[in-house]
Amino acid sequence: NAGVTQTPKFQVLKTGQSMTLQCAQDMNHEYMSWYRQDPGMGLRLIHYSVGAGITDQGEVPNGYNVSRSTTEDFPLRLLSAAPSQTSVYFCASREGSGGWYNEQFFGPGTRLTVL
Amino acid sequence: AQTVTQSQPEMSVQEAETVTLSCTYDTSESDYYLFWYKQPPSRQMILVIRQEAYKQQNATENRFSVNFQKAAKSFSLKISDSQLGDAAMYFCAVQGAQKLVFGQGTRLTINP
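Just so you know, the sequences run in chain order E and L.
Just remember that the working numbering sits 432 ahead of the position in the first sequence, which is counted from 1.
Just remember that the working numbering sits 84 ahead of the position in the second sequence, which is counted from 1.
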């Protein structure tokens, strides 16, 4: 199993550009989520999904869009990039929407810089 | 809503010694779970230990153990016999109905 994969690993954008961060998992996990990590602030939840076709907002959803058309994929779209979105982005998945005790598996992260 | 506070931005310990990382949390949910994750310089998030809030017995995983005080909403991590490979950022997190909320992290340095 590849686990959780994210592409790209690094990205530089100009203000106002849009892009999609890709996330895929091959563990047949129902639950997937996106976090951003900023210095001194830990990881903050952006959006999450409890299954294909179902998404919801986390703590910091503004400026981001998600969809979940398959169990495997959960892309994160930046609609119009801003310097405040410079961060490291992590995708994660875990088994079962009701399995709160289950370990979340994290991807390797994407470092995004917005100029 | 859930909040997690790690009051120690940085900690250091001598190799082979014991260190305790602090974590307090707040949640309005009656059922929840608590986790400690480790993030080494590679940036990969690694689960260290987890605790079910309804269990009074503290979780233990080899050299890692927790002190869970439910009434005080405290969930500290103890690392015994510290090793150089333990150097990392450590994050405390609380899992509620759908959301996993993290603290700000504690950077642990191991002195040889």
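Glycine included, every Cβ here is placed at the ideal spot set by N, Cα and C.
query: Within this structure, are the beta carbons of Leu105 of chain L and Leu161 of chain L separated by less than 7 Å?
result: On the second sequence, position 21 is the one that residue 105 of chain L refers to. On the second sequence, position 77 is the one that residue 161 of chain L refers to. The answer is yes: Cβ separation under 7 Å.
message: Just to confirm the assignment, what range does the beta strand (DSSP E) spanning His479 of chain E have?
response: Here residue 479 of chain E is taken as the residue at index 47 of the first sequence, counted from 1. Counting along the chain, the beta strand (DSSP E) containing His479 of chain E begins and ends at 475-483.
- request: With 7 Å as the threshold, decide whether the Cβ of Gln140 of chain L is near any Cβ in chain E.
  value: Your numbering for residue 140 of chain L matches position 56 in the second sequence. Answer no: the Cβ-Cβ gap between Gln140 of chain L and chain E never drops below 7 Å.
Three CB pairs or more closer than 8 Å across the stretch 92-103 of chain L and the stretch 534-544 of chain E: no
task: Could you tell me which residues DSSP puts in a beta bridge with Gln188 of chain L?
output: Taking the second sequence and counting its residues from 1, one reaches residue 188 of chain L at position 104. Its beta-bridge partners do not exist; DSSP assigns none.
message: If I measure Cβ to Cβ from Arg509 of chain E and keep anything under 6 Å in the same chain, skipping five residues before and after, which residues do I get?
response: Along the first sequence, read from residue 1 onward, the residue named residue 509 of chain E stands at position 77. Thr452, Asn497, listed in sequence order.
- prompt: Is there contact here, the stretch 142-152 of chain L with the stretch 438-450 of chain E, by at least three beta-carbon pairs under 8 Å?
  reply: no
- prompt: Does the beta-carbon distance from Gly187 of chain L to Glu113 of chain L come in below 7 Å?
  reply: Stepping through the second sequence from its first residue, residue 187 of chain L is reached at position 103. Stepping through the second sequence from its first residue, residue 113 of chain L is reached at position 29. Not a contact, by the Cβ cut-off of 7 Å.
query: Run through DSSP, which three-state label would Asp458 of chain E get?
result: Here residue 458 of chain E refers to the residue found at position 26 of the first sequence. Coil.
query: Can you pull the DSSP bridge partners for Ser559 of chain E?
result: The structure shown has nothing for residue 559 of chain E, since chain E only spans 433 to 547.
task: Report yes or no: do three or more beta-carbon pairs, one from the stretch 500-507 of chain E and one from the stretch 456-472 of chain E, lie closer than 8 Å?
output: yes
message: Give me, in chain order, the residues of the same chain whose beta-carbon lies closer than 8 Å to that of Gln92 of chain L; leave out the 5 immediate sequence neighbours on both sides.
response: Here residue 92 of chain L is taken as the residue at index 8 of the second sequence, counted from 1. Correct list, in chain order: Leu105, Ser106, Thr190.
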